[in-house]
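**Student:** Handing you a structure now.
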Amino acid sequence: MSGNPAWLHINAQTGELSGTPGRNDNGDFVITVTASNGKATNSVKVNNHAPQVAPVARQIVIINSSFSVPIIAKDSDSDSDSDSDSDSDTLTYRLINGPSWAKINPKTGVITGKGAVLGQHLLNVQVSDGKAVSSVAVVMDIVVNPTPVVTIPNTLTAQTRVLTPIDLLMVKFTFYKRSNNLIVHLFAFRKTNGFSY
Numbered sequence: 007m008s009g010n011p012a013w014l015h016i017n018a019q020t021g022e023l024s025g026t027p028g029r030n031d032n033g034d035f036v037i038t039v040t041a042s043n044g045k046a047t048n049s050v051k052v053n054n055h056a057p058q059v060a061p062v063a064r065q066i067v068i069i070n071s072s073f074s075v076p077i078i079a080k081d082s083d084s085d086s087d088s089d090s091d092s093d094s095d096t097l098t099y100r101l102i103n104g105p106s107w108a109k110i111n112p113k114t115g116v117i118t119g120k121g122a123v124l125g126q127h128l129l130n131v132q133v134s135d136g137k138a139v140s141s142v143a144v145v146m147d148i149v150v151n152p153t154p155v156v157t158i159p160n161t162l163t164a165q166t167r168v169l170t171p172i173d174l175l176m177v178k179f180t181f182y183k184r185s186n187n188l189i190v191h192l193f194a195f196r197k198t199n200g201f202s203y
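Note that the working numbering has the sequence shown beginning at 7, numbered continuously upward.
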């Protein structure tokens, strides 16, 4: 084996690679492993890159409302757009820090929850292919529901209606005399000549 960091070892009998990288051992490594049966040799290069994670836009959520934020990631060693690399390593998602009301699905990378506290909250998500990790930050702003704004136009249009006076108004009066005779008078008011009987 050549090109390997000091912390990486190979089992000469099984060919298994093992080791524990330190805090500062991040990066890309190209390792050449040579196998031999005493008659012929064969070499293979082992190269793994950290997953590619798309940046996440700032999220604005109304307080006490549900939200769903997908984390989009792809393994750098995969030739497809799926979440599995060429040697079948599956990506897993982990919420490193964030408010208690935010959870992440470790398989799909979707963050869900209900914004319970006003203000700005920072969430850090870690994506791993089992060999290397990448991280992405998610900023969530929890805000109050804005008061609806009523807009009044600068110009008001008045509607004019012309009222036509009544030409003839009939009023009926009924009088009772002591003689118990019924007398009915009809009064009419005309706009042209006033009262008439």
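Ideal Cβ positions, reconstructed from N, Cα and C, are used throughout, including at glycine. This one's a predicted model, so the numbers in the text were calculated from it and none came from an experiment.
Thinking C-alpha only, which one of Trp13, Trp107, Thr26 and Ile148 is nearest Leu124?
**Tutor:** Closest by alpha carbon: Ile148.
**Student:** According to DSSP, is Asn130 helix, strand or coil?
**Tutor:** Note: Asn130 maps to strand in three-state DSSP.
**Student:** So, are the CB atoms of Gln65 and Val150 less than 8 Å apart?
**Tutor:** Taking 8 Å as the Cβ cut-off, Gln65 and Val150 do not qualify as a contacting pair.
**Student:** Just reading off the beta strand (DSSP E) that Asn103 is part of, what are its end residues?
**Tutor:** Its beta strand (DSSP E) spans residues Thr98 to Asn103.
**Student:** For Asn48, which beta-bridge partners are listed by DSSP?
**Tutor:** Paired residue(s): Ala41.
**Student:** Can you give me the C-alpha to C-alpha distance between His15 and Thr38, rounded to a whole angstrom?
**Tutor:** So the alpha carbons of these two residues sit roughly 12 Å apart.
**Student:** Going straight from the alpha carbon of Ile78 to that of Ser72, what length do you get?
**Tutor:** Ile78 and Ser72: Cα-Cα distance of roughly 20 Å.
**Student:** Tell me the DSSP secondary structure of Val142 in three-state form.
**Tutor:** Looking at Val142 - three-state DSSP - the assignment turns out to be strand.
**Student:** Out of Val156, Thr96, Val75 and Ile158, which has the shortest C-alpha to C-alpha gap to Asn130?
**Tutor:** Ranking Val156, Thr96, Val75 and Ile158 by Cα distance to Asn130 puts Val75 first.
**Student:** Assign Leu128 to buried or exposed, taking buried as 16 or more other Cβ atoms, counted over all protein chains shown, within 10 Å of its Cβ.
**Tutor:** Result: exposed.
**Student:** Tell me whether Asp34 is buried or exposed, calling it buried when 16 or more other Cβ atoms sit within 10 Å of its Cβ.
**Tutor:** That one is exposed.
**Student:** I'd like the span of the beta strand (DSSP E) that includes Pro76, first residue to last.
**Tutor:** Taken as a continuous stretch (DSSP letters only), the beta strand (DSSP E) holding Pro76 covers Ser72 to Pro76.
**Student:** Would Leu101 pass as a contact of Val133 if the rule is Cβ separation under 8 Å?
**Tutor:** Their beta carbons are not under 8 Å apart, which means Leu101 does not touch Val133 by this criterion.
**Student:** In terms of DSSP beta bridges, what is Gln65 paired with?
**Tutor:** Beta-bridge pairing links Gln65 to Met146.
**Student:** In three-state DSSP terms, what is Lys120?
**Tutor:** If DSSP states are grouped into helix, strand and coil, Lys120 belongs with the strands.
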